[in-house]
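Everything below concerns the one structure shown next.
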Amino acid sequence: MLNTQINASIVLYHTKTKQLEKVIKSFLDTSLHVKLYLVDNSVNDDLKELKKLDDRIEYIFNNANLGYGKAHNIAIRKSIDENIPYHIVLNPDIYFNKGVLEELYKYMEQNKDIGNIIPQVLYPDGEIQYLTKLLPSPVDLIFRRFIPFQSWKEKRNEKFELRWTGYKDIANIPSLSGCFMFLRTSVLKDIGLFDENIFMYLEDTDLNRRIHRKYKTIFYPKVSIVHEYAKESYVNKKLLIYHIKSAIYYFNKWGWFFDKERDEINQKCLEELNYKKYKKGER
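Heads up, my numbering is the position in the sequence shown plus 42, with the first residue counted as 1.
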């Protein structure tokens with residue numbers, strides 16, 4: 043039997059089957075040796091039928107809503123225990139073509155100093171999603187959302203979301219979206235897994251920050267995935283409360299307005315991306 047090269051996990055919560063079938067097919071349609079964990083936080087196990095789609099699927103029913111990061115950790119620990127070199131965290135609302143996994147796997151194999159990598163992320167209409175960012179301050183995560191001045195928010199987003207780069211080049215970025223996290227398990231053994239005190243939202247920012255301290259966290263735009271991005275916390279009050287609680291926890295952990303490490307990491311990132319030249323119109 044050939045050794046598994048990549049494990050992946052998708053956390054479910056009464057997720058639509060048709061949506062899940064798209065991401066499952068995307069992940070399993072590969073020449074690599076893979077295994078997929080479906081970790082179900084639903085109140086019932088109706089989604090267990092999905093394991094019949096392929097014998098490379100393992101279904102785990104938690105019988106409780108453990109939260110996003112804690113549920114993924116169940117599968118990640120299995121990858122670590124089994125010495126699987128890579129583990130991918132997948133959102134249920136993404137899909138991609140064959141060849142994406144192979145390209146990212148090859149790049150990770152060639153660059154052992156990378157702890158996490160994400161491809162270009164697109165909306166279904168082909169527009170870029172600006173999901174590679176600087177480490178957030180309270181202004182970026184809280185005030186930016188509620189301040190009504192659109193021109194100010196656009197200016198802030200241009201820098202915080204690194205829109206000015208054009209999203210065209212491979213880059214080492216401190217905050218990468220959790221919709222697709224291609225993680226090196228040896229790095230996770232070193233720095234830890236998702237912080238289980240975060241129920242939902244910002245667990246990806248926290249994990250990527252810890253990885254970025256010691257390893258590279260890479261944006262790789264040579265391949266792309268599609269993300270049917272809903273921004274549910276903008277329309278669902280319950281999810282908004284989760285988002286606010288996570289933000290408070292995150293800033294209590296790392297620092298609110300005074301976070302020297304954040305400032306140093308962000309400054310280094312901007313320097314590597316030649317932000318000063320961009321401001322002068324030379325980039």
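Heads up, the beta-carbon is just placed ideally off N, CA and C, and yes, glycines get one too.
For residue 142, the secondary structure class from DSSP, reduced to helix, strand or coil, is helix. Taking 8 Å as the cut-off, the Cβ atoms of residue 241 and residue 114 do not count as close.
Collapsing the DSSP output to three states places residue 269 in a strand.
Looking at the backbone, the Cα of residue 246 and that of residue 305 are separated by about 19 Å. Inclusion of residue 230 and residue 160 in the CB contact set at 8 Å is not warranted, their separation being larger than that value. Straight through space, the alpha carbons of residue 303 and residue 198 are spaced by roughly 20 Å. With a cut-off of 8 Å on Cβ pairs, the stretch 245-263 is not in contact with the stretch 132-144, counting fewer than three such pairs.
Take the alpha-carbon of residue 157 and the one of residue 108: they are about 25 Å apart. Per DSSP, residue 49 is one residue of the beta strand (DSSP E) stretching across 48-54. Taken through DSSP and simplified to helix, strand or coil, residue 175 comes out as strand. Beta-bridge pairing by DSSP links residue 217 to 175.
Under the three-state reduction of DSSP output, residue 77 falls in the strand class. Secondary structure of residue 109 (DSSP, three-state): coil. In the displayed model, residue 263 falls within a strand according to three-state DSSP. Residue range 279-296 is occupied by the alpha helix (DSSP H) that includes residue 294. In terms of Cα proximity to residue 127, the closest of 136, 74, 294, 87 is 74.
One thing to note: residue 151 has its Cβ no nearer than 8 Å to the Cβ of residue 214. Contact between the stretch 43-53 and the stretch 117-127 is present: 3 or more CB-CB pairs across the two stretches fall below 8 Å. Per DSSP, reduced to three states, the secondary structure at residue 92 is helical.
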